[in-house]
Amino acid sequence: MTARLAVALALLSSCGRIDFDAIGDARRGDGGGPSDAPCTFGPWGAPTRIAELATAQDEYGAQILSDNLTLYFDRHATGVDEIFVAQRPDRASPFGTAKPLAELGTNNGECCATLTPDQLELYFESARSGTPCLYRADRASTGMSWNAPTPVAALCASATEGAYLTQDGLTLYYNTATPPTDYEGAIFVTTRGMRSDAFGVGQAVTGLAAAGTSGYPALSSDELTIYFEGHGSGGGPTHLWQATRGTSGADFTSAAQITVINSSASEQDISITTDGLELFFASTRPPSMGEDLWVATRSCQ
Numbered sequence: 591m592t593a594r595l596a597v598a599l600a601l602l603s604s605c606g607r608i609d610f611d612a613i614g615d616a617r618r619g620d621g622g623g624p625s626d627a628p629c630t631f632g633p634w635g636a637p638t639r640i641a642e643l644a645t646a647q648d649e650y651g652a653q654i655l656s657d658n659l660t661l662y663f664d665r666h667a668t669g670v671d672e673i674f675v676a677q678r679p680d681r682a683s684p685f686g687t688a689k690p691l692a693e694l695g696t697n698n699g700e701c702c703a704t705l706t707p708d709q710l711e712l713y714f715e716s717a718r719s720g721t722p723c724l725y726r727a728d729r730a731s732t733g734m735s736w737n738a739p740t741p742v743a744a745l746c747a748s749a750t751e752g753a754y755l756t757q758d759g760l761t762l763y764y765n766t767a768t769p770p771t772d773y774e775g776a777i778f779v780t781t782r783g784m785r786s787d788a789f790g791v792g793q794a795v796t797g798l799a800a801a802g803t804s805g806y807p808a809l810s811s812d813e814l815t816i817y818f819e820g821h822g823s824g825g826g827p828t829h830l831w832q833a834t835r836g837t838s839g840a841d842f843t844s845a846a847q848i849t850v851i852n853s854s855a856s857e858q859d860i861s862i863t864t865d866g867l868e869l870f871f872a873s874t875r876p877p878s879m880g881e882d883l884w885v886a887t888r889s890c891q
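Printed below as a string of structure tokens:
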């Protein structure tokens, strides 16, 4: 995610899953939701570029919603970052035409939306105040536009990015940042008692040190696996990492790169479907036109 908000800040300084589908009806397990039988995942297949969403602009920041059909992502168009949404009719079909969410944008680097499963509450990052931090928007129904965003006060005292909401909407993961030198930092988690409550300052997520500076997390739906981007101890481009834990609320351990997906290019902005069978991310690998959205799939054996 690093380069996009850098552009925005530079500009500032100068002026139930539904129905049956081919993938989603597989038995679920770790990384999935309720299931009739446990799932043992096969290996990730070779990633494919989501050609129908690729343009000459950069696409990144994808997050697949809990219906596994709706994808929020960012497009760096006409010098600014703007949030878009695209949908597909089923898991085997391509995504339709992406639509911009103009009501969220201020031309100051909006990025990386995360939503509650009912799609009535949305968190994202924006540099509209001069420093990137997290904002919240809501709406009364999915057929309505989003209300004017407001900053998450407790998380805007310093640079914060990479928001991710768990399925109950009560836990928010995010990462610190030190722009313009580093747009990853450390991953934090904060909770609230009910949806009407505001999130406070979080606590650092432990067990991810092997990834070096890290950010933009996403969790499996059982919350036992955390996926994120990290530079590694040697620095260089960001790659995709994961870490696991035995029970929800425990510390994560064994942080490691997802080597079967990573390349010599940059990989970042990870998201996974509720059944754990599709992994979305952004990459600059060929034939990307700058940065494009990619997806990898695996089977439930």
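Take 591 as the starting number for the sequence shown in my numbering and just add one per residue.
Note that the Cβ used here is the ideal one computed from N, Cα and C, for glycine as well.
Which value, in whole angstroms, describes the spacing of the CA atoms of residue i and residue j?
i	j	result
Glu649	Asp882	5 Å
Asp865	Thr721	35 Å
Ala598	Ser719	Reliability of the predicted coordinates at Ala598 is poor, the pLDDT of 39 falling under 50, and the value obtained from them is presented with this limitation in mind. Near 11 Å, if we compare the C-alpha coordinates of Ser719 and Ala598.
Phe685	Leu755	23 Å
Ala840	Ala646	43 Å
Ala776	Thr766	6 Å
Arg835	Thr843	6 Å
Gly632	Thr863	15 Å
Leu710	Met734	9 Å
Thr815	Ser838	9 Å
Which residues bound the beta strand (DSSP E) around residue i?
i	result
His560	Coverage of the chain is limited to positions 591 through 891, which leaves residue 560 absent and any answer about it impossible.
Gln847	Thr843 to Gln847
Trp736	Trp736 -> no beta strand (DSSP E), and no H or E assigned at all.
Phe818	Thr815 to Gly820
Glu857	Glu857 to Ile862
Ser804	Ser804 to Leu809
Glu649	Asp648 to Ile654
Asp728	Cys723 to Asp728
Ala676	Val670 to Gln677
Leu762	Thr761 to Thr766
With DSSP collapsed to three states, give me the class of residue i.
i	result
Leu712	strand
Ala747	coil
Glu642	helix
Ala776	coil
Glu881	coil
Ala872	strand
Glu693	helix
Ala886	strand
Ala636	coil
Ala840	coil
Ala703	strand
Ala753	strand
Ala682	coil
Gln891	coil
Ala800	helix
Leu659	coil
So residue i and residue j are in contact, right, with Cβ under 8 Å, and what is the actual spacing, rounded?
i	j	result
Ala749	Cys723	6 Å
Trp736	Leu712	6 Å
Leu659	Arg678	5 Å
Ala833	Leu867	About 20 Å separates the two Cβ atoms, so there is no contact after all.
His821	Thr803	5 Å
Arg726	Val742	6 Å
Thr887	Gly635	5 Å
Taking its Cβ as the centre, do 16 or more other Cβ atoms sit within 10 Å of residue i, making it buried, or is it exposed?
i	result
Ala808	buried
Val850	exposed
Arg785	exposed
Asp664	buried
Gln793	exposed
Ala616	Residue confidence for Ala616 is low, a pLDDT of 43 falling below 50, so the modelled location carries little weight and cannot support an answer.
Ala738	exposed
Val791	exposed
Pro637	buried
Ser656	buried
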